[in-house]
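Chains G and R are the protein sequences, given in the same order.
Sequential numbering from 1 applies to the first sequence in the working numbering.
Sequential numbering from 1001 applies to the second sequence in the working numbering.
C-beta: ideal position from N, C-alpha, C; glycine also.
So the structure is just underneath, and the comments pick up after that.
Number of protein chains: 2
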Amino acid sequence: MIKQVIIVRKDLGMTTGKIASQVAHASLSAFLKTENLRKEIAQKWLEEGQTKIVLKVKDKEEFDKIKDLLRQNNIDFVVIVDSGKTQILPNTETAIGIGPIESEKIDPITEKLKLL
Amino acid sequence: MIKQVIIVRKDLGMTTGKIASQVAHASLSAFLKTENLRKEIAQKWLEEGQTKIVLKVKDKEEFDKIKDLLRQNNIDFVVIVDSGKTQILPNTETAIGIGPIESEKIDPITEKLKLL
């Protein structure tokens, strides 16, 4: 199965609307990156219904640990950095976007995270 | 200013994660539609930081009214229909995605809606 995985920090006190816009930003950015690097996977995912999984991490430490694991496994991802004009401090990392990517590649890294 | 506008129904009892994934779906679908129809606007929006506004409507009636207004004004949009495997009934319309589009075209239609 091909899916996109978005991971959001839950320690920033963002409203639902703010979270939704960070997730959308991560989703679009990760998609455009994948479309550049792996066009067939991106296209297949669009045609198969765009499965998205939105997960949460409890703090920056857990967030950074996921980034490290992704790098160690050579998995491409995007990090959303918010300008911080509203709600949170400038240049805060809020979300990670991964894929679309094959489940077998991403699940071992994210399987312990809970759904947002 | 060029921005993307996403409108979400608040009467469906969706969790934050579910809302975020519907918004992401609307954002990506509206972007791909705009990229097809108005490539320069889509590209400009990407370069200018992808401003997204996430708004809410209180029920299906208000949701349908917005769709009617968009059609009357010849504004392209996408409607996200959830398969309803989780949380909500099958084939439920959950969100509208519009643009990226010029503020002066969309603001008159959505200016009365509140931020999610």
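Are residue i and residue j closer than 9 Å when you measure CB to CB?
i                : j                : result
A24 of chain G   : K1052 of chain R : yes
G97 of chain G   : I6 of chain G    : yes
Q1004 of chain R : P1090 of chain R : no
E48 of chain G   : I2 of chain G    : yes
L1055 of chain R : L1012 of chain R : no
S1103 of chain R : S27 of chain G   : no
I1075 of chain R : I1109 of chain R : yes
D107 of chain G  : T94 of chain G   : no
L37 of chain G   : I66 of chain G   : no
S29 of chain G   : I88 of chain G   : no
N73 of chain G   : K39 of chain G   : no
Taking the alpha helix (DSSP H) that residue i falls in, what are its first and last residues?
i                : result
E93 of chain G   : Note, E93 of chain G: premise wrong, no alpha helix (DSSP H); beta strand (DSSP E) at T92 to E102.
K1085 of chain R : Run containing K1085 of chain R: none; DSSP gives neither H nor E here.
L12 of chain G   : Run containing L12 of chain G: none; DSSP gives neither H nor E here.
Q1050 of chain R : Looking at the DSSP string, Q1050 of chain R is not in any alpha helix (DSSP H), and its letter there is neither H nor E.
Using a 10 Å radius around the Cβ and a threshold of 16 neighbouring Cβ atoms, would you call residue i buried or exposed?
i                : result
R1009 of chain R : buried
G84 of chain G   : exposed
T16 of chain G   : buried
L70 of chain G   : buried
Q1022 of chain R : buried
Q1050 of chain R : buried
So if DSSP puts residue i in a beta bridge, which residue, or which two residues, is it bridged to?
i                : result
L115 of chain G  : G:L55
V1078 of chain R : R:G1097
Quick check on the DSSP output: the beta strand (DSSP E) that includes residue i runs from which residue to which?
i                : result
Q1043 of chain R : Segment K1039 to E1047 is the alpha helix (DSSP H) holding Q1043 of chain R; no beta strand (DSSP E) there.
K1003 of chain R : I1002 to R1009
Quick check on residue i - is its C-beta less than 9 Å from some C-beta in chain C?
i               : result
E102 of chain G : Going by chain labels, chain C is absent from the structure shown, which instead holds the protein chains G and R.
Q | Interfacial residues, the region 20-33 of chain G to chain R, with Cβ spacing under 9 Å | A | A20, S21, Q22, V23, A24, H25, A26, S27, L28, S29, F31 and L32
Q | Selection of the region 1-19 of chain G by Cβ proximity to chain R, strictly under 9 Å | A | Of all residues in the region 1-19 of chain G, Q4, I6, V8, T15, T16, G17, K18 and I19 have a Cβ within less than 9 Å of some Cβ in chain R.
Q.
Closer than 7 Å between beta carbons: that is the criterion. Which residues of the region 1034-1052 of chain R meet it against chain G?
A. Q1050 and K1052
Q) In chain order, what residues of the region 1051-1082 of chain R put their CB closer than 7 Å to some CB of chain G? A) K1052 and V1054
Q.
Closer than 8 Å between beta carbons: that is the criterion. Which residues of the region 102-116 of chain G meet it against chain R?
A. Answer set for the region 102-116 of chain G: L115 and L116.
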